[in-house]
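Asks: If you read the sequence shown in my numbering, its first letter stands for residue 237, the second for the next number, and so on. Note that the Cβ used here is the ideal one computed from N, Cα and C, for glycine as well. My structure is below; once you've seen it, I'll send some questions.
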Amino acid sequence: MITQKNINNQRNHVKRQTIGRKLARNMALTAARAVVFAAILTLPCDLYKIPPHEEVARVARFVANQCDWASMATISTHDPVKGQPFSNAFSVSDGPLGYGTGVPYMYLTRLEISVQDLQVNPQASLSMSLAQTDFCKNQGYDPQSPLCAHVIFSGTVVEVNGTEAEVAKISLFGRHPEMADWPADHDWFFAKMNMTQVWVLDYFGGVKTVTPDDYFKATPYKSFH
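See the structure below:
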């Protein structure tokens, strides 16, 4: 015989089952969130932290990878400043953030005034500063302060072809997607700074130099395993 008591017990049983299922789902979600949160906490949050100033080559590599543009100085071939230093801004990339090769690639056109200088004399210098990032602003460093790390590459600017041109294209277009839509009739080509010397100013005590060999051997970011 079914009584009201049995009905109530059945209802309570169903309620307990429903509540149990909800609790189980919530606990599962909470556990999943906890796992995700724990994973986030283990991520390399200082992946983009500047290396210690004593590790000069690493600092140079770090700056080169963080910067999206550089000031390139050439010897002008144009009047009325012919024979004088001439500085101009260019977009650069050594690869994706966190995975740079150290090679500053550029996308150039022979219609550009500084590129015309390079065709006569390929010697140039390329200057990059963390002033263009949030680093110096967040630290309260003036762009001219030695603590606002910057590097100057000396060498020659050379055109790259074949496989290296593909590397340059991927490096540049990944950081500067607008380049893909620049006018095709401007005689664009990929180039790199073939460096002979690296100058680094990232702390008090004057500029420091790094050889190209030491520069390319350095790893700008910590390895996490």
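Straight-line CA distance for Val299 to Glu395?
Replies: About 23 Å.
Asks: Give me the DSSP bridge partner(s) of Ile388.
Replies: According to DSSP, Ile388 bridges with Ser363 and Trp435.
Asks: Which value, in whole angstroms, describes the spacing of the CA atoms of Ser361 and Asp438?
Replies: Each residue's alpha carbon lies about 18 Å from the other.
Asks: Leaving out the 5 sequence neighbours to the left and right, which residues in its chain are closer than 6 Å to Arg346 when beta-carbon positions are compared?
Replies: Excluding sequence neighbours, Arg346 sits near Asp423.
Asks: Tell me whether Lys373 sits in a helix, a strand or coil according to DSSP, three-state version.
Replies: Looking at Lys373 - three-state DSSP - the assignment turns out to be helix.
Asks: May I have the straight-line CA-CA distance separating Gly397 from Leu344, to the nearest angstrom?
Replies: Before going further, note that residue 397 is Asn rather than Gly in the sequence given. Rounded to whole angstroms, Asn397 to Leu344 spans 13 Å at the Cα level.
Asks: Going by DSSP in three states, Leu408 sits in which element: helix, strand or coil?
Replies: Leu408 falls in the helix class under three-state DSSP.
Asks: Considering just the uninterrupted stretch of the alpha helix (DSSP H) at Val299, what are its terminal residues?
Replies: Val292 to Gln302 is the span of the alpha helix (DSSP H), which, as asked, contains Val299.
Asks: Report the three-state DSSP secondary structure of Ile349 (helix, strand or coil).
Replies: Note: Ile349 maps to helix in three-state DSSP.
Asks: Kindly indicate which three-state DSSP category Lys318 falls into: helix, strand or coil?
Replies: Coil.
Asks: Determine the DSSP secondary structure at Ala454, reduced to helix, strand or coil.
Replies: In the structure shown, Ala454 sits in coil (DSSP, three-state: anything other than H, G, I, E or B).
Asks: Just to confirm, are Asp330 and Ser390 a CB contact at a threshold of 8 Å?
Replies: Result no, Cβ atoms of Asp330 and Ser390 do not sit closer than 8 Å.
Asks: I'd like to check one pair, Val339 with Lys464: are the Cβ atoms closer than 8 Å?
Replies: In the structure displayed, the chain extends from 237 to 461; residue 464 sits before or after that span and is not available.
Asks: Would you check if the distance between the CB atom of Gln352 and the CB atom of Ile311 is smaller than 8 Å?
Replies: It is not a contact, given that the beta carbons lie outside the stated cut-off.
Asks: Just to confirm my understanding: we take Val295, look at its own chain, exclude 5 residues before and 5 after, and list those with CB closer than 7 Å. What are they?
Replies: Same-chain partners within the cutoff: Ile286, Pro287, His289, Ala385, Val436 and Asp438.
Asks: Around the C-beta of Ser323, are 16 or more other C-beta atoms found within 10 angstroms, so that it is buried, or is it exposed?
Replies: The residue in question, Ser323, is exposed, as its Cβ has fewer than 16 Cβ neighbours within 10 Å.
Asks: Under 8 Å between C-beta atoms, does Gln380 make it to chain D?
Replies: No chain D is present in this structure, which holds just one protein chain.
Asks: Spatial neighbours of Asp450 within its chain, please: C-beta separation below 6 Å, excluding the five flanking residues on both sides.
Replies: Result list for Asp450: Ala293, in chain order.
Asks: Suppose the cutoff is 6 Å on Cβ atoms and the five residues either side in sequence are ignored; what does the same chain contact list for Phe452 look like?
Replies: Closer than 6 Å at the Cβ level, and outside the excluded window around Phe452, lie Gly338.
Asks: Considering only C-alpha positions, which residue in the set Arg297, Ala309 and Met342 is nearest to Glu402?
Replies: Ranking the options by Cα distance to Glu402, first place goes to Met342.
Asks: If you drop the 5 nearest sequence neighbours on each side, which residues of the same chain put their C-beta closer than 6 Å to that of Gln302?
Replies: So the list reads Thr369, once near-sequence residues are dropped.
Asks: Using beta-carbon positions only, say whether Pro382 and Ser365 come within less than 8 Å of one another.
Replies: Going by C-beta atoms, Pro382 is not nearer than 8 Å to Ser365.
Asks: Name the two residues that bound the continuous beta strand (DSSP E) containing Met308.
Replies: Segment Trp305 to Ile311, the beta strand (DSSP E) holding Met308.
Asks: Select from Val317, Val387 and Pro316 the residue whose C-alpha is nearest the C-alpha of Ser307.
Replies: Nearest C-alpha to Ser307: Val387.
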